[in-house]
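Trainee: Note that the sequence shown covers residues -20 to -1, 1 to 303 in mature numbering (1 follows the signal peptide of the UniProt record, and there is no 0).
The beta carbon of each residue, even a glycine, is placed where N, CA and C say it ideally should be.
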Amino acid sequence: MASTLMLTMLFSLLLQGVKGATFTFINKCDHPVWPGILSSAGSPPLGTTGFELPHGTTQTFDAPTGWSGRFWGRTGCKFDSSGRGTCTTGDCGSDQVACNGAGAAPPATLAEFTLGSPGSKDFYDVSLVDGYNLPMMVDAAPSSLSSGAGACGSTGCVADLNARCPAELRTMDGTACRSACEAFGKPEYCCSGEFGSPDKCAPSVYSQMFKSACPRSYSYAYDDATSTFTCASADYTITFCPDFTSLKSSRDSTQPKAAAAASTTPPTTTSPPETTGVMFADSWLASLATADANTHKMSSLHDSALTVTFIACCLLISSLLVL
């Protein structure tokens, strides 16, 4: 009896060591989403590399310790009876529901994970470096085995960046917002070439616009200090189109300032001061980044009104002098 109990305990511990995290996908969008899954080199594939997630449904997968990879949501997908087709955003080019080891074509909102060994920290983030196609939130739920290491904060982007996307970054059909790197291909936007280090690549007006709207998401390649989160022995929920009220819990969570310094992936850099407000369409930054025609039109009307007022004053003064 004792030996049976011992074997049961050992088997339980073995399973706990193998299972790194449970990922739960939730779709709160008013349309279907087709999540894509890409395991990093050397990481085992999960149960699938892509699937359909209808509105209001959930799907769960387990990942082993040490797993790393990324998730994203594809939209506007159309597959025929044989299972072949494409997606409007986030398409992985496999012509199937499963991505089969292919990544997302930008622009796409990405959730990135690196799971630690038992007792060590996981690293995770939501990235807009490859652009944006739909809102996404990541919530961490530490398990009973967690030692409490890591901030375990929520992160993501709940803002509708498609609605406020600058014209020069907007895709033709308006269903996604490109990064400045993809739109212009310049090294200073891509943090490549002579700009390939944290001290050389500064945030652009476009990445600052993304950061203002989504303060906890990666806005450019070296945005580590305010965008990398850690947690130990946790399970994670990835929500597409989360409630706008989720933004409050995301901001109220402790910000892991030292997370990037502890990470072995991207280098730490000094990011612009964290903002706590969502950038509204009439902010100066939005006007600067979008070159809003209406803003220029209102400015022209304002200048015209001042000119008319000035002329009227001159005529009034002239009349008084004549009298």
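1) Among the residues of its own chain, which have a CB less than 8 Å from the CB of D10, if the five just before and after it don't count?
2) Measuring only the C-alpha atoms, how far is E148 from T55?
3) Just how far apart, CA to CA, sit N142 and T68?
4) Tell me K58's beta-bridge partners as DSSP assigns them.
5) Determine the extent of the alpha helix (DSSP H) in which residue 373 is found, giving its start and end residues.
6) State the beta-bridge partners of F5 as determined by DSSP.
7) When we look at the beta-carbon of P24 and count the other beta-carbons within 10 Å, is it buried (16 or more) or exposed?
8) Answer with yes or no whether the minimum CB distance from S61 to chain D is below 8 Å.
9) How long is the line joining the alpha carbons of D153 and W14, rounded to whole angstroms?
10) Taking the alpha-carbon positions, what's the G(-1) to P98 distance?
11) Could you say if the segment 165 to 174 and the segment 87 to 96 meet the contact criterion of at least three C-beta pairs nearer than 8 Å?
12) Where does residue 306 fall in DSSP's three states?
13) Alpha carbon to alpha carbon, how far is F51 from Y216? Give it in angstroms, no decimals.
14) Exposed or buried, what is G63 when buried is set at 16 or more other beta-carbons lying within 10 Å of its beta-carbon?
15) What are the residues that DSSP puts in a beta bridge with A121?
16) G22: buried (16+ other C-beta within 10 angstroms of its C-beta) or exposed?
17) Give me the DSSP bridge partner(s) of D75.
18) According to DSSP, what are the bridge partners of S19?
19) Whole angstroms is fine: what's the gap from T45's alpha carbon to A88's?
20) Who does L33 pair with in a DSSP beta bridge?
Mentor: Once the coordinates are examined:
1) In the sequence shown, counting from the first residue as 1, residue 10 sits at position 30. If we look at D10 and ignore the five residues flanking it on each side, its Cβ neighbours are H35, C221.
2) In the sequence shown, the residue the question calls residue 148 occupies position 168. In the sequence shown, the residue the question calls residue 55 occupies position 75. Using only the alpha carbons, I get a separation of about 22 Å.
3) Translated into positions along the sequence shown, residue 142 becomes position 162. Translated into positions along the sequence shown, residue 68 becomes position 88. Straight-line Cα distance between these residues: approximately 14 Å.
4) Stepping through the sequence shown from its first residue, residue 58 is reached at position 78. BP columns for K58 point to T66.
5) Because the chain spans -20 through 303 in this model, residue 373 falls outside it and cannot be assessed.
6) What you label residue 5 is simply residue 25 of the sequence shown in a count that begins at 1. Answer by DSSP bridge pairing, in chain order: Q39, I218.
7) Indexing the sequence shown from 1 puts residue 24 at position 44. It counts as exposed.
8) Absence of chain D from the displayed structure is noted, only one protein chain being present.
9) Working through the sequence shown from its first residue, we reach residue 153 at position 173. Working through the sequence shown from its first residue, we reach residue 14 at position 34. Distance between the alpha carbons of D153 and W14 is about 19 Å.
10) As a position in the sequence shown, residue -1 is number 20, starting the count at 1. As a position in the sequence shown, residue 98 is number 118, starting the count at 1. Roughly 7 Å between the two C-alpha positions.
11) no
12) In the structure displayed, the chain extends from -20 to 303; residue 306 sits before or after that span and is not available.
13) On the sequence shown, position 236 is the one that residue 216 refers to. On the sequence shown, position 71 is the one that residue 51 refers to. Roughly 12 Å between the two C-alpha positions.
14) Working through the sequence shown from its first residue, we reach residue 63 at position 83. Per the 10 Å Cβ criterion, exposed.
15) Here residue 121 refers to the residue found at position 141 when the sequence shown is read from its first residue. A121 is bridged to D215.
16) Within the sequence shown, residue 22 is the residue found at index 42, counting from 1. Burial call: exposed.
17) The residue labelled residue 75 in the question sits at position 95 within the sequence shown. Beta-bridge pairing links D75 to no other residue.
18) Walking along the sequence shown from the start, residue 19 turns up at place 39. According to DSSP, S19 bridges with G49.
19) Stepping through the sequence shown from its first residue, residue 45 is reached at position 65. Stepping through the sequence shown from its first residue, residue 88 is reached at position 108. If I take the Cα positions, the gap works out to 26 Å.
20) Residue mapping note: residue 33 aligns to position 53 of the sequence shown, counting from 1. Its beta-bridge partners are V13.
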